[in-house]
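A quick write-up on the structure given underneath.
Number of protein chains: 2
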Amino acid sequence: MMAEDNERWIDPQRVESYIQELAQYGAHGETGVARLVYSPEWVAAQDQVAAWMEEAGLRVERDAVGNVWGYLDGSNPQHSIIVTGSHIDSQNPGGRFDGALGVVAGIAAAAALRERHGQPERTIGVVSLVEEEASRFPTANFWGSRAIVGRIVPEEPRRLRGYDGVTIAEAMRDAGLDPTRIADARRDDIDTFVELHIEQGPFLEQEDVPVGIVERITGYRQYLVTLEGAANHAGTTPMDLRRDPMAGAAEIISGVIDTAHRMGRPCVTTVGRVNVSPNERAVIPRQVAFTVDARSPDVAQRETLLTRHEALMHEVAERRGLTLTVRVDSDRLPVASDPELVSIIAAAAAEGGVPAMVMSSGAVHDAMQFAEIARIAMIFVRSQEGISHSPDEFTSARDAAAGTEVLARALHALVYQS
Amino acid sequence: MMAEDNERWIDPQRVESYIQELAQYGAHGETGVARLVYSPEWVAAQDQVAAWMEEAGLRVERDAVGNVWGYLDGSNPQHSIIVTGSHIDSQNPGGRFDGALGVVAGIAAAAALRERHGQPERTIGVVSLVEEEASRFPTANFWGSRAIVGRIVPEEPRRLRGYDGVTIAEAMRDAGLDPTRIADARRDDIDTFVELHIEQGPFLEQEDVPVGIVERITGYRQYLVTLEGAANHAGTTPMDLRRDPMAGAAEIISGVIDTAHRMGRPCVTTVGRVNVSPNERAVIPRQVAFTVDARSPDVAQRETLLTRHEALMHEVAERRGLTLTVRVDSDRLPVASDPELVSIIAAAAAEGGVPAMVMSSGAVHDAMQFAEIARIAMIFVRSQEGISHSPDEFTSARDAAAGTEVLARALHALVYQS
């Protein structure tokens, strides 16, 4: 049950109006948002976030990659800081909530704490992060959080090129930032990062619970698999003489999907992208390339899944006389939340009267990057039908406020002297 | 064994020099040809063909779609005519021999008969046909032969648009032809059509025989299969809740290829084209569309193959909760050659000392269209490694001359009083 309204720290109207107003920057159709990093609409949205932070009584700073920080300074500057936040860049187009809700929830929570409890002992930082989605620069995901943890390599700014042909260094300059200063964004003063985010999946809705507490973020490996055979005439080449990469690709795609299905929840494998060459109706293809995205939040299950996938790729290619190239584009072990943080968040939910369940995250998030330098946890908020990365993404104002309530109470437990 | 050189009717040098010279029109790299119908290089090539026909003593006419006809007029104009020929348009790029060899072989054969035997009783027509490949206009294949048999429907000239955006009516006008007169190309005076063509497959090479006599041209059905499911996040959607069209497509693609392989020669099934939407690495696709091209020269085997393919498409889609759309883009029963023509060609090969085997054609050809109005047969010439629709396509001058020898002797049997 929700706490009585007079016990709530968070005004649902405040969170809702932030979401609605932020959605005007890069608005796409009725409910969508296309707000690509370093674009004029993204710059205007970050300015709006900074203005809201100032209105909420936070001290605003911007770092070298364009992350906006708002601080509710603590009375004891010795302590390392407690950070919350998420990203405001969107898919192209995406919805209003992915990322954005975590930023505005952080501002609303810090504002409520200041109004209700005054100055904390430890400093709270609310951060609005840069380019989580990689929707403008295909391989620049987690750009803002990677800068903070020091995982951007020196060539990246000049090398990473967006779908529009512009390098990320050029885009940074267009947004008034100096790409030679990226290393300045690195921090070593963060104790804790708590990210609030919409679930982007169906579990909370299926369990009829508004809030999830993430104890583990999935590990994953993403492959680009390329099979090469011999292109030939579709009518005149007998089946038994073909080296058909389409036959091999279909067998591998069927197999990896079936493997993940049989291994059961929570592991998942997706083939989202296929490119065929020459892609002609009456020509046996020369080459078929496809992606495999395999995930599990369980370390051992992830290993089993990947071992089976890779064994299948090699077996099929060898049996069919195809040349196989397997490129690993990203690879990450599961990240565990800090158990004490999970307990603090669970207690905060109970105090606030917000039903919550402990779960794992199948999506990846900025919190994974922060895990390099701080203890982390996440708060999930129910997504309607689990839809995400789409203008149809929706989270009710009531659920958004419930998640923010849990965030505020958890931050309270972390930054005020008890 | 080949006949002694002094017994040969055909000069290999003549056929070879025609091929080499024709390959200069639309030359692509060292050995390729990109000669799209109604293009300036195609117009120039047809003019060259017409010039060679005149040099060979044939009476030249052009019909309403641009087919070039060269006649060796017979002494008895009552008789319907005996036609040979093929097409000079190419894939983009293709090789020097596909189509072109049949045209120049026809000219060389008619020239040799005139020089050696004088006026025939029945008229021989040598025809250089328009747009067999559909390499400029995706659905205009057999444009020239369809005009002759009256299978071009009235909307087609305005409706069919090339990869370059031009309608075929506009392209005809650019080549000096009047698209409103297409019906004038229709004929009802053809008794026999014998097409010489490269094999485009590996059988003759494997059997070490230079010439094939086609007793049957494959039947086929070409499908566009579209599966729709629910797009969703690759990380957060459990396998058991997915409606993943990629999983369904892979299962169907594997299945149809396996079915054709298990049913054995001569049936073949090819999936040459796949298009995925949205085609993103971390998104379960909303839609996967793919082509299925299934062929057999045997009527009953073709039916069994198609029945199995269609049953699988429906079963997989239903079991996986996917919306299935099956569009049949083309559908054609096998076409049998005339048995008497097959015997005449076999006798001609024996007379000329050219080793030949009776076989079926897995590729489709203009001869299939002529079967609507005439008895048909085909002469195949060995292709190196079976490669076709590629600049790597190759047929030796010796094999090209051997095929032309058989054609000339078969035509002799058909048009001269014995």
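Each protein sequence line maps, in turn, to chains A and B. Residues in the first sequence are numbered from 46 upward in steps of one, following this note's numbering. Residues in the second sequence are numbered from 46 upward in steps of one, following this note's numbering. Where a beta carbon is used, it is the ideal one built from N, C-alpha and C, also for glycine. Here the structure is a predicted model, which means the values were calculated and not measured.
Exercise for the section: Check each residue of the stretch 308 to 333 of chain A: if its Cβ is closer than 9 Å to any Cβ of chain B, include it; give the result in chain order. Expected result: M308, G309, R310, P311, C312, V313, T314, T315, V316, G317, R318, V319, N320, V321, P323, N324, E325, R326, A327, V328, I329, P330, V333
Handout entry: Residues of its chain near E260(A), where Cβ-Cβ distance is below 6 Å and the 5 sequence neighbours each way are ignored
Key = S382, V387, V403
Exercise for the section: Have a look at M284(B), F439(B), A458(B), D56(B) and flag the residue whose alpha-carbon is nearest the alpha-carbon of P250(B). Expected result: Reading off the sequence, residue 250(B) comes out as Glu, not Pro. Nearest option by C-alpha distance: F439(B).
Exercise for the section: Can you give me the start and stop residues for the alpha helix (DSSP H) that R307(A) sits inside? Expected result: 290 to 308
Handout entry: Between the CA atoms of R288(B) and R353(A) - distance to the nearest angstrom
Key = 23 Å
Practice task
Measure the CB-CB distance between Q332(A) and L272(A) and report whether it falls below 8 Å.
Solution key: yes
Practice task
Give me the Cβ distance between E360(B) and R454(B), rounded to the nearest whole Å; I'm assuming they're in contact under 8 Å.
Solution key: Incorrect: roughly 53 Å between the Cβ atoms, too far for contact.
Exercise for the section: Please find out if some non-hydrogen atom of the ligand ZN comes closer than 7 Å to the beta-carbon of A334(A). Expected result: The ligand ZN is not part of this structure, which contains no ligands at all.
Practice task
Could you tell me whether the Cβ atoms of P330(A) and A276(A) are closer together than 8 Å?
Solution key: yes
Practice task
Leaving aside the five residues before and after A334(B) along the sequence, list all residues of the same chain whose C-beta is less than 6 Å from its C-beta, in chain order.
Solution key: T271, N320
Exercise for the section: Verify the CB distance criterion: does N277(B) have a CB-CB separation below 8 Å to chain A? Expected result: For N277(B), the nearest beta carbon of chain A is closer than 8 Å to its own beta carbon.
Exercise for the section: Along the alpha helix (DSSP H) that carries W114(A), what are the first and last residues, could you check? Expected result: First-last for W114(A): 113 to 117, but that is the beta strand (DSSP E), not the alpha helix (DSSP H).
Problem - DSSP-derived helix/strand/coil call for G448(B) - result: helix
Exercise for the section: Answer yes if the stretch 133 to 149 of chain B comes into contact with the stretch 424 to 441 of chain B, meaning at least three C-beta pairs across the two stretches below 8 Å, and no otherwise. Expected result: yes
Practice task
May I ask you to report which of helix, strand or coil DSSP gives H162(A)?
Solution key: helix
Problem - Separation of A447(A) from A391(A), as counted between CA atoms - result: The alpha-carbon atoms of A391(A) and A447(A) are separated by roughly 13 Å.
Handout entry: Validate contact between the stretch 186 to 194 of chain B and the stretch 86 to 95 of chain B using beta carbons, cut 8 Å, 3 pairs
Key = no
Problem - beta strand (DSSP E) runs wholly inside the stretch 174 to 222 of chain A, at least 3 long, in chain order - result: none
Problem - Residue-chain proximity (E252(B), chain A), Cβ-Cβ < 8 Å - result: So, not an interface residue.
Exercise for the section: Go through the stretch 378 to 462 of chain A residue by residue and report every complete run of the alpha helix (DSSP H) that reaches 4 residues or more, in order. Expected result: 384 to 397, 411 to 415, 442 to 460
Exercise for the section: Take the Cβ of Y265(B) as the centre, count every other Cβ of all protein chains shown within 10 Å, and call the residue buried at 16 or more, exposed below. Expected result: buried
Practice task
Could you tell me the distance, in whole angstroms, from the CA atom of L146(B) to the CA atom of A220(B)?
Solution key: 23 Å
Practice task
Flag T382(A) as yes if its beta-carbon sits less than 8 Å from any beta-carbon of chain B, otherwise no.
Solution key: The question names Thr, but residue 382(A) in the sequence shown is Ser. Taking Cβ atoms only, chain B never reaches closer than 8 Å to S382(A), which makes this a no.
Practice task
Check the Cβ of T370(A) against every Cβ in chain B and list those closer than 7 Å, keeping chain order.
Solution key: Correct list: empty, because the minimum Cβ distance to chain B is about 16 Å.
Handout entry: Closest residue to Q164(B) among V409(B), Y116(B), P247(B) (Cα-Cα distance)
Key = Y116(B)
Exercise for the section: Have a look at S299(A) and Q245(A) and give me their C-alpha separation to the nearest angstrom. Expected result: 25 Å
Practice task
Would you list, in chain order, the members of the stretch 279 to 291 of chain A that have their beta-carbon closer than 8 Å to a beta-carbon of chain B?
Solution key: A279, G280, T281, T282, P283, M284, D285, L286, D289, M291
Practice task
Taking E86(A) as part of the alpha helix (DSSP H), name the residues at either end of that continuous run.
Solution key: 85 to 100
Practice task
Please compile the residues from chain B whose C-beta is within a distance smaller than 7 Å of the C-beta of R104(A).
Solution key: Chain B residues near R104(A): none, gap ~36 Å exceeds 7 Å.
Practice task
Identify whether G151(A) lies in helix, strand or coil by the three-state DSSP scheme.
Solution key: helix
Handout entry: Beta carbon of R181(B) nearer than 8 Å to that of G210(B)
Key = no
Handout entry: Beta-bridge partners of L369(A), as assigned by DSSP
Key = L272(A)
Exercise for the section: Spell out whether any CB of chain B is found under 8 Å from the CB atom of H306(A). Expected result: yes
Exercise for the section: Closer than 8 Å, Cβ to Cβ, to anything on chain A: give me those residues from the stretch 131 to 157 of chain B, in chain order. Expected result: none
Exercise for the section: Starting from the C-beta of S125(A), find all residues in its chain whose C-beta is less than 7 Å away, skip the five residues before and the five after it, and write them out in chain order. Expected result: D234, I235, D236
Practice task
Consider the Cβ of T352(A): report whether some Cβ of chain B lies at a distance smaller than 8 Å.
Solution key: Not a single C-beta of chain B is nearer than 8 Å to the C-beta of T352(A).
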